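Colleague: Encoded as structure tokens, here's the structure I'll be asking about.
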Amino acid sequence: MSAHERRAHRAILGGLFLGALAGVGANALAGALPQLKGPLETLIDGAAYPVGQVFLRMLFLVIVPLVFASLAAGVARLGDLSRLGRIGALTMGLFFLTTAFSVALGLAVMGFFQPGVGFDEASRRALMESFGGDAARFQPAAGPGSLRALVTAVLDSVLPRNILAAVADMRMLPLILFALLFGSALTALPEERRGRMTGWLDSLSDAMVAIVGFAMRLAPVAVFCLIFTVTARFGFGLLAKLAFYVVLVFGCYLLQLLVFYPFLVKSLAGLSGRLFMRRTVPVIVTAFSTSSSNATLPTTMRVAETELGVRPAIAGFVCPLGATINMNGTALFEGAVVLFVAQVFGIPLSLPQQALVVLLCVLSAVGTAGIPGGSIPLLMGVMAQVGVPPDGIALILGADRLLDMGRTVINVEGDLAAAVCVEAFEARREAA
Ligand code: ASP
Numbered sequence: 001m002s003a004h005e006r007r008a009h010r011a012i013l014g015g016l017f018l019g020a021l022a023g024v025g026a027n028a029l030a031g032a033l034p035q036l037k038g039p040l041e042t043l044i045d046g047a048a049y050p051v052g053q054v055f056l057r058m059l060f061l062v063i064v065p066l067v068f069a070s071l072a073a074g075v076a077r078l079g080d081l082s083r084l085g086r087i088g089a090l091t092m093g094l095f096f097l098t099t100a101f102s103v104a105l106g107l108a109v110m111g112f113f114q115p116g117v118g119f120d121e122a123s124r125r126a127l128m129e130s131f132g133g134d135a136a137r138f139q140p141a142a143g144p145g146s147l148r149a150l151v152t153a154v155l156d157s158v159l160p161r162n163i164l165a166a167v168a169d170m171r172m173l174p175l176i177l178f179a180l181l182f183g184s185a186l187t188a189l190p191e192e193r194r195g196r197m198t199g200w201l202d203s204l205s206d207a208m209v210a211i212v213g214f215a216m217r218l219a220p221v222a223v224f225c226l227i228f229t230v231t232a233r234f235g236f237g238l239l240a241k242l243a244f245y246v247v248l249v250f251g252c253y254l255l256q257l258l259v260f261y262p263f264l265v266k267s268l269a270g271l272s273g274r275l276f277m278r279r280t281v282p283v284i285v286t287a288f289s290t291s292s293s294n295a296t297l298p299t300t301m302r303v304a305e306t307e308l309g310v311r312p313a314i315a316g317f318v319c320p321l322g323a324t325i326n327m328n329g330t331a332l333f334e335g336a337v338v339l340f341v342a343q344v345f346g347i348p349l350s351l352p353q354q355a356l357v358v359l360l361c362v363l364s365a366v367g368t369a370g371i372p373g374g375s376i377p378l379l380m381g382v383m384a385q386v387g388v389p390p391d392g393i394a395l396i397l398g399a400d401r402l403l404d405m406g407r408t409v410i411n412v413e414g415d416l417a418a419a420v421c422v423e424a425f426e427a428r429r430e431a432a
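Read in our numbering, the sequence shown has 108 at position 108, and its numbers run on one by one without any break.
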């Protein structure tokens, strides 16, 4: 990493800390002096929010061309489709194992410490009253009735009739599938014509990476603004009520981040865990401040290629797929919430039921959109399936913005860990 890049990383981290500090300070000040509430709102809506949004939107802007170009070029360059199948199977295996481990970790910690048992009744009623309305908003639409409707819904989510309509809605799975098909089709073209197309796709993705570079120049200020917007408005009083739950979930995140992923990359890819963490700081900060795997994706891909030495063909495949379906932090959080709410309501969950929770959380993490709060509607569905009242989500909604920032970090770090491992497997295979 060059001195310039190190300085840039430090500036982004500085923005994060200063933004959090300023936001918490402003929050406390407005709490003590109510006449400051109005000016603070104006400052947030008129300055902090728009600056944060410019950064976020520049990142969102490049996702569709970037994912399409890098994935299609990557697949075309892999050459033979059996190699794609092998990398695909390896990636999916890693995604599945890490996600299942994460839910099990969340369940084990919550089961052991039981933060919901004996939860103060007055707090429970107050939380349900304050956030019950928000919970109703997240209620998933009534599920499809007939088998035909269900099959059509699944088909629509992966293989739409109209790729442009799917892309216009930022639906990632159809985009990924289309790029895979496109890249595979290119492998059947004569060498010269394929080369022309992959050259064009490379230029397109390089240009998108350059736009991300522009956005990253804004990052220190934008990250300050994003964090300030959240913390200046956050109801910190709630944290006291939910302190045990929040501390436990964050403890699990830290275990994942500081122990599990370093262990994984060390044992499967021979990469020092500490180096992995240090090199992925820009991804951690971007995920934490945007709460969105999708918005972080351009940074994730850049870091995978330039900092972790993952070849574009592999990074272009693993990272977009991971941002869409590999959500370790989300799965962990979902398992923890189901158990916490069950404890508060005094609903015992047997071991087979908890095994079902693991399965459902893995599936719903796959379906979760990589946007802030993307997991909440599906999580309510999981709760309903195992007999925990979905409205109980109201208990944790108020503190969720903070937890969302943490779980998004775990989600994207999981994608990077998988990318590093797949790269190492492939490199070893080629060497053999
Ligand atoms: N915010 C998460 C992400 O983008 C999704 C979620 O768990 O709500 O990865």
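The C-beta atom is built at its ideal place from N, Cα and C for all residues, glycine as well. Because the structure is a prediction, the values reported are computed rather than measured.
1. Taking only three categories from DSSP, how would you classify Met-327?
2. Taking 7 Å as the cut-off, does the CB of Arg-407 come closer than this to any heavy atom belonging to the ligand ASP?
3. Got a sec: does the ligand ASP put a non-hydrogen atom nearer than 7 Å to the Cβ of Thr-324?
4. By the 10 Å Cβ neighbour count, where 16 or more other Cβ atoms means buried, how is Val-247 classified, buried or exposed?
5. Would you say the beta carbon of Pro-390 is closer than 7 Å to some non-hydrogen atom of the ligand ASP?
6. Check whether the region 105-120 and the region 326-344 touch, using three or more Cβ-Cβ pairs below 8 Å as the test.
7. If you draw a straight line from the alpha carbon of Arg-125 to that of Leu-242, how long is it in whole angstroms?
8. Tell me whether Leu-186 sits in a helix, a strand or coil according to DSSP, three-state version.
9. Roughly how many whole angstroms lie between the Cα atoms of Arg-401 and Ser-364?
10. Starting from Ala-432, trace the alpha helix (DSSP H) both ways and give me its first and last residue.
11. Would you kindly check if the distance between the Cβ of Asp-404 and the Cβ of Gly-132 is under 8 Å?
12. At what residues does the alpha helix (DSSP H) containing Thr-280 begin and finish?
13. Considering only residues of the region 90-170, which uninterrupted alpha helix (DSSP H) runs meet the minimum length of 4 residues and lie entirely inside it, listed in chain order?
14. Distance, Cα to Cα, Met-170 vs Val-64?
15. What do you reckon, is the C-beta of Ile-371 under 7 Å from a heavy atom of the ligand ASP?
16. Please list the segments of the alpha helix (DSSP H) lying wholly inside the region 200-280, counting only runs of 4 or more residues, in order along the chain.
17. Measuring CA to CA, which of Val-62, Val-303 and Ile-284 is closest to Gly-329?
18. Roughly how far, in whole angstroms, is the beta-carbon of Ala-304 from the beta-carbon of Leu-416, given that I think they are within contact range, below 8 Å?
19. Tell me the DSSP secondary structure of Ser-2 in three-state form.
20. On the three-state DSSP scale, how would you describe Ile-176?
21. Would you say the beta carbon of Thr-42 is closer than 7 Å to some non-hydrogen atom of the ligand ASP?
22. May I ask you to check if the CB of Met-327 is nearer than 7 Å to at least one heavy atom of the ligand ASP?
23. Note down the Cα distance separating Arg-161 from Pro-298, rounded to an integer number of angstroms.
24. Apply the 10 Å Cβ neighbour rule to Thr-42 and answer buried if 16 or more other Cβ atoms are within range, or exposed otherwise.
Modeller: With the structure as the only source:
1. Working through the sequence shown from its first residue, we reach residue 327 at position 327. Of the three classes helix, strand and coil, the one that applies to Met-327 here is coil, per DSSP.
2. Looking up residue 407 in the sequence shown gives position 407. Under cutoff, so the answer is yes.
3. Here residue 324 refers to the residue found at position 324 when the sequence shown is read from its first residue. Every heavy atom of the ligand ASP is 7 Å or more from the Cβ of Thr-324, so no.
4. One-based indexing of the sequence shown puts residue 247 at position 247. Exposed.
5. Within the sequence shown, residue 390 is the residue found at index 390, counting from 1. The answer is no for Pro-390.
6. yes
7. Position 125 of the sequence shown holds residue 125. Position 242 of the sequence shown holds residue 242. Those two C-alpha atoms are separated by around 13 Å.
8. Taking the first residue of the sequence shown as 1, we reach residue 186 at position 186. Helix at Leu-186.
9. As a position in the sequence shown, residue 401 is number 401, starting the count at 1. As a position in the sequence shown, residue 364 is number 364, starting the count at 1. Cα-Cα distance, rounded: 19 Å.
10. Here residue 432 refers to the residue found at position 432 when the sequence shown is read from its first residue. Ala-432 -> no alpha helix (DSSP H), and no H or E assigned at all.
11. As a first step, residue 132 is located in the sequence shown; it is residue number 132 there, counting from the start. As a first step, residue 404 is located in the sequence shown; it is residue number 404 there, counting from the start. No. Outside cutoff.
12. Locating residue 280 in the sequence shown gives position 280, counting from the first residue. Looking at the DSSP string, Thr-280 is not in any alpha helix (DSSP H), and its letter there is neither H nor E.
13. 121-138, 147-158 and 163-168
14. As a first step, residue 170 must be located in the sequence shown, where it is residue number 170. As a first step, residue 64 must be located in the sequence shown, where it is residue number 64. Rounded to whole angstroms, Met-170 to Val-64 spans 8 Å at the Cα level.
15. As a working mapping, residue 371 is identified with position 371 in the sequence shown. Yes.
16. 236-241, 243-255, 261-269 and 273-279
17. Reading the sequence shown from its first residue, position 329 is the one you call residue 329. Out of Val-62, Val-303 and Ile-284, Ile-284 has the C-alpha closest to the C-alpha of Gly-329.
18. Here residue 304 is taken as the residue at index 304 of the sequence shown, counted from 1. Here residue 416 is taken as the residue at index 416 of the sequence shown, counted from 1. Confirmed, about 6 Å.
19. Within the sequence shown, the letter at position 2 stands for residue 2. Looking at Ser-2 - three-state DSSP - the assignment turns out to be coil, as it is neither helix nor strand.
20. What you label residue 176 is simply residue 176 of the sequence shown in a count that begins at 1. Here Ile-176 sits in helix by DSSP.
21. The count along the sequence shown starts at 1 and reaches residue 42 at position 42. No - the ligand ASP has no heavy atom lying nearer than 7 Å to the Cβ of Thr-42.
22. Taking the sequence shown and counting its residues from 1, the one referred to as residue 327 is at position 327. Yes, the beta carbon of Met-327 sits closer than 7 Å to at least one heavy atom of the ligand ASP.
23. Within the sequence shown, numbered from 1, the residue matching residue 161 stands at position 161. Within the sequence shown, numbered from 1, the residue matching residue 298 stands at position 298. The straight-line gap from Cα to Cα measures roughly 27 Å.
24. For this step, residue 42 is matched to residue 42 along the sequence shown. Per the 10 Å Cβ criterion, exposed.
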